[in-house]
Every structure is written in structure tokens, then in C-alpha cells.
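Heads up: the sequence shown begins at 272 in this note's numbering, then just goes up one per residue.
We put the beta carbon where it would ideally sit given N, CA and C, even for glycine.
For reference, the structure discussed in these notes is given below.
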Amino acid sequence: MAWDMGFNILWTQRIEKEERSFLNGATKQAEVERLAAKEERRRRRSRHRTSSSRSEASSPLSLAGSRSICSSGSRRSERSAGELQKSASESALVPDHFKAAVHFPLTEKDLLTARVKPTTDGTVPKISFKPEKVKALWWPGKQSYVKYHPEFSFKEAPEWSPEDILKGYGIRQQHR
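Next comes the structure, spelled out in C-alpha cells:
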């Protein structure tokens, strides 16, 4: 594959197309969020009108308190139940050979500098790379390159770590 003018034009067009689709996705997402917020405001207004017309004999303070308790409690319980259900369903969907990869936050950071999430059973998620030599006749001299495949696994936790040694020693107080 030569880097000629035709390839340069194709590459530029590809990059421009990707950037356009990325920006269009952001504007579409903003539009969807704006419409959802508008719908939520409309629902809140209609809910407020119906609840105030139903109980005009109640004091406004009582109505406000009962509304805030009902709405915040139900939202919290829905949110926590949803999070629990999401985490349980996600772990059930992951195949066994990828369970260790779930503990690496690959969406936030790159693979090598990411902090591993702890496990509940005390094992430590580890990553190792297996090399594969790939023929590449276009590579002058070597005619091959090494491709590394990540392998995720669980290792038993060590009995101690250097951090454990440092925990035993506090900051020494200076004598005056």
C-alpha cells in the first residue's frame, strides 16, 4: 500500500465523514435530551395541576411535603433497583473467559494505566499479553511483526503487598 495522492484524498474524506457523524450524533443527542426535558416539564405541570385541584382543602405546605417525599423516595428506589438489576444482568451476560475483563475500566482509561476494580471473592484481576508473530512481507528486513493479544485472568491475592508494610508505619511525629 503506497501513500499516494489518491490514498491521501480517501483518508481525508474518511476522517471528515467520521467527524461529521460524530458531531451529528452529539447534536442529535442534545435534541433528544431537550425534548425529554420538555416532556418531563409538561408532565410535571399536568401532575401539579391535577394534584392541586384534587386536594384544595389541604395546606400548601402539606402538599409540597407529601409530593417531595413520594417523588424522591420512588425515584431512589427505582434507581437503586435498576442499578442492582443492571449489575446482575451484566454479570450474567458476560462469558466466563471475559469475567476478569469486566474489572478493567476500559471505557474510562487505556488498558495499561487503568486501575483494576476490586472483586468480592478476594482474587485479583490480571492481564497478560501473548505474542503472535505475523508475517508481513511489506516490512523491509524483518518481514514480520509481533501482535500481542490480551488475556484476562484472576490470580489469588498475595499474602502481603508493599502497601501493607507502609500501613504499619504512621507518620513519625517530630520531637521539639
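The continuous beta strand (DSSP E) containing F400 extends over residues 395-406. Its chain contains P402, E403, K404, V405 as the residues whose beta carbon lies nearer than 8 Å to that of V417, once the 5 sequence neighbours on both sides are disregarded; these appear in chain order. DSSP places E379 outside any beta strand (DSSP E), giving it a letter other than H or E.
With respect to the 9 Å criterion, K388 and V373 are classified as neighbours on the basis of their beta carbons.
Here F425 is near A371, since their CB atoms are less than 9 Å apart.
One alpha carbon belongs to S292, the other to E302, and they sit about 15 Å apart. Taking C-alpha positions only, F400 is separated from A428 by approximately 20 Å. The beta carbon of M276 sits closer than 7 Å to none of the beta carbons in its chain outside the five residues before and after it. Residue pairing from DSSP places E422 in a beta bridge opposite S399. Within the model, the alpha-carbon separation for F423 versus L281 is close to 37 Å. Beta bridge pairing from DSSP links V365 with no other residue. The alpha-carbon of T298 is positioned some 38 Å away from that of T390.
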